[in-house]
Amino acid sequence: FEERERESKFVYYGLDRESRRLQESISNISNELSVSNHKFVYSISTEDIVELVSKKFTEVANKSSQSYEKFATETINELKNYKDINLEEEKEFIFGQRERDSLVNSKEMLQKVKKRAREVRKLHKNLLKPFAVLEKIIKRLYKNNGIKISDQIQWGYKKNYLDSNLLSSGEKQMLSFLCYNAFFRNSPIFIDEPEISLHPDWQRLLFSILKSQGSNNQFIVATHSPLIYAKYSDKELII
323 FEERERESKF VYYGLDRESR RLQESISNIS NELSVSNHKF VYSISTEDIV
373 ELVSKKFTEV ANKSSQSYEK FATETINELK NYKDINLEEE KEFIFGQRER
423 DSLVNSKEML QKVKKRAREV RKLHKNLLKP FAVLEKIIKR LYKNNGIKIS
473 DQIQWGYKKN YLDSNLLSSG EKQMLSFLCY NAFFRNSPIF IDEPEISLHP
523 DWQRLLFSIL KSQGSNNQFI VATHSPLIYA KYSDKELII
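Numbering (our numbering), first residue to last: 323 to 561.
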């Protein structure tokens with residue numbers, strides 16, 4: 323039994339190494355075919371998705387952190403410049419013009435701080451919107467399972483996280499479509515035979531889901547699936 327176990331582990335790790343080598347070769351080809359802002363995507367794993375999502379998450383975290391730091395600095399400076407009424411120095415307090423001006427100034431300062439706080443929260447929400455939309459769609463599509471992209475990024479139901487590389491080929495493919503569509507905006511996206519590996523139900527839903535992400539991307543698709551093109555006969559071009 324121990325010998326068979328060792329042999330089985332050797333085969334498993336051997337296959338794992340071969341898969342990794344194949345993925346690295348494919349990644350190199352993809353990089354060679356990518357020109358400037360035009361990215362060629364071809365993968366047998368979710369490594370490219372993990373890299374993309376992790377990069378975007380870091381960018382969002384940095385921008386959000388910078389906005390909060392700026393807000394804190396501006397608020398502190400505002401408070402430093404604010405001159406309050408010192409009642410201890412006033413032997414006889416008389417509510418005059420100076421005091422009224424001070425109260426007006428304090429109210430204006432608080433309004434400025436509240437306005438900046440709202441702007442920072444709005445920016446933070448907009449930065450996280452692609453992630454929030456993905457979370458919602460993944461909960462819908464992957465039912466009772468969650469997807470783990472990295473230790474910092476998990477989507478879906480927390481009790482049943484699956485590592486993204488353990489997904490089926492169809493699940494990986496759908497995740498790839500969702501992620502690239504989420505983080506690229508106002509771009510033309512070419513897809514060759516998106517129906518490959520996709521369940522018929524997902525083929526039927528694919529482009530309505532991608533459109534619901536609101537990325538304003540244009541899709542140019544080569545497909546043999548009537549489940550995909552039947553909804554868009556007015557967009558069909560037969561070559």
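Even glycine gets a Cβ: it sits at the ideal position worked out from N, Cα and C.
- For I560, which three-state DSSP category applies? Position 238 of the sequence shown, counting from 1, holds the residue named residue 560. Secondary structure at I560: coil, using DSSP grouped into helix, strand and coil.
- Query: Hey, I469 and V375 are a contact pair by Cβ (cut 8 Å); roughly how many whole angstroms apart?
  - Reply: Sequence index remark: in the sequence shown, residue 469 carries index 147 (1-based). Sequence index remark: in the sequence shown, residue 375 carries index 53 (1-based). Not a contact, Cβ separation roughly 10 Å.
- Alpha carbon of R443 to alpha carbon of E493, nearest angstrom: Position 121 of the sequence shown, counted from the start, is the residue given in the question as residue 443. Position 171 of the sequence shown, counted from the start, is the residue given in the question as residue 493. Spanning the alpha carbons of R443 and E493 requires a straight line of approximately 33 Å.
- Task: Quick one: give me the first and last residue of the alpha helix (DSSP H) that P548 is part of.
- Result: By one-based count along the sequence shown, residue 548 stands at place 226. P548: member of the alpha helix (DSSP H) spanning P548 to Y551, first to last residue.
- L456 versus L532, N384 and V435, residue with shortest Cα-Cα distance: Reading the sequence shown from its first residue, position 134 is the one you call residue 456. Closest option to L456, Cα to Cα, is L532.
- Roughly how many whole angstroms lie between the Cα atoms of W524 and I550? In the sequence shown, the residue the question calls residue 524 occupies position 202. In the sequence shown, the residue the question calls residue 550 occupies position 228. Put simply, the backbone Cα of W524 is about 9 Å away from that of I550.
- Start and end of the alpha helix (DSSP H) containing P522? Counted from its first residue, the sequence shown places residue 522 at position 200. That run of the alpha helix (DSSP H) goes P522 to S534.
- Look up K458 in the DSSP assignment and say whether it is helix, strand or coil. Translated into positions along the sequence shown, residue 458 becomes position 136. In this structure, K458 counts as helix in the three-state DSSP scheme.
- Query: Grouping DSSP H, G and I as helix and E and B as strand, with all else coil, what is I371?
  - Reply: To locate residue 371, count along the sequence shown from 1; it is residue 49. Taken through DSSP and simplified to helix, strand or coil, I371 comes out as helix.
- Message: If you measure between the beta carbons of N503 and Q540, is that distance less than 8 Å?
- Response: For the purposes of this step, residue 503 is taken as the residue at position 181 of the sequence shown. For the purposes of this step, residue 540 is taken as the residue at position 218 of the sequence shown. The Cβ atoms of N503 and Q540 lie no closer than 8 Å to each other.
- Message: Excluding the 5 residues flanking A363 on each side, which residues of the same chain have their C-beta closer than 8 Å to its C-beta?
- Response: Numbered from its first residue, the sequence shown carries residue 363 at position 41. In the sequence as displayed, the identity of residue 363 is Val instead of Ala. Short of 8 Å from the beta carbon of V363, and not among the five residues preceding or following it, lie these beta carbons of its own chain, in chain order: S352, D370, S498 and Y502.
- Task: Kindly indicate which three-state DSSP category K451 falls into: helix, strand or coil?
- Result: Mapped onto the sequence shown, residue 451 falls at position 129. It is helical.
- Task: Kindly indicate which residue of H360, N467, N448 and Q495 has the alpha-carbon position closest to the one of D485.
- Result: Here residue 485 corresponds to residue number 163 of the sequence shown, with the count starting at 1. Checking every option, the nearest Cα to that of D485 belongs to N467.
- Query: Smallest Cα separation from A544: which of L445, S472 and L559?
  - Reply: The residue labelled residue 544 in the question sits at position 222 within the sequence shown. Nearest of L445, S472 and L559 to A544, Cα basis: L559.
- Message: Distance check for M431 and K402, CA to CA, integer angstroms please.
- Response: Taking the first residue of the sequence shown as position 1, residue 402 is located at position 80. Taking the first residue of the sequence shown as position 1, residue 431 is located at position 109. Rounded to whole angstroms, K402 to M431 spans 11 Å at the Cα level.
- Query: What separation, rounded to the nearest whole angstrom, lies between the Cα atoms of S428 and Y464?
  - Reply: What you label residue 428 is simply residue 106 of the sequence shown in a count that begins at 1. What you label residue 464 is simply residue 142 of the sequence shown in a count that begins at 1. The straight-line gap from Cα to Cα measures roughly 52 Å.
- Could you round the C-beta distance between S537 and F506 to whole angstroms and report it? I think they count as a contact, below 8 Å. Counting from 1 along the sequence shown, the entry for residue 537 is found at position 215. Counting from 1 along the sequence shown, the entry for residue 506 is found at position 184. The beta carbons of S537 and F506 sit about 7 Å from each other, so the pair counts as a contact at 8 Å.
- Task: For P516, count neighbouring Cβ atoms within 10 angstroms of its own Cβ and tell me buried if that reaches 16, exposed if not.
- Result: Translated into the one-based positions of the sequence shown, residue 516 becomes position 194. Burial state of P516 is buried, judged by a 10 Å Cβ sphere holding 16 or more other Cβ atoms.
- Task: Please name the residue, chosen from E346, M496, I513 and K458, that lies closest to L520 on a Cα-to-Cα basis.
- Result: Residue 520 sits at position 198 when you count from the first residue of the sequence shown. Measuring from the Cα of L520, the nearest candidate turns out to be M496.
- If you run the structure through DSSP and keep just helix, strand and coil, what is Y554? In the sequence shown, residue 554 corresponds to position 232, counting from 1. When secondary structure is reduced to three states using DSSP, Y554 falls in the helix class.
- Item | Helix, strand or coil at K512 [DSSP, three-state] | For the purposes of this step, residue 512 is taken as the residue at position 190 of the sequence shown. Here residue 512 turns out to be Phe, not Lys, going by the sequence shown. Strand, per DSSP.
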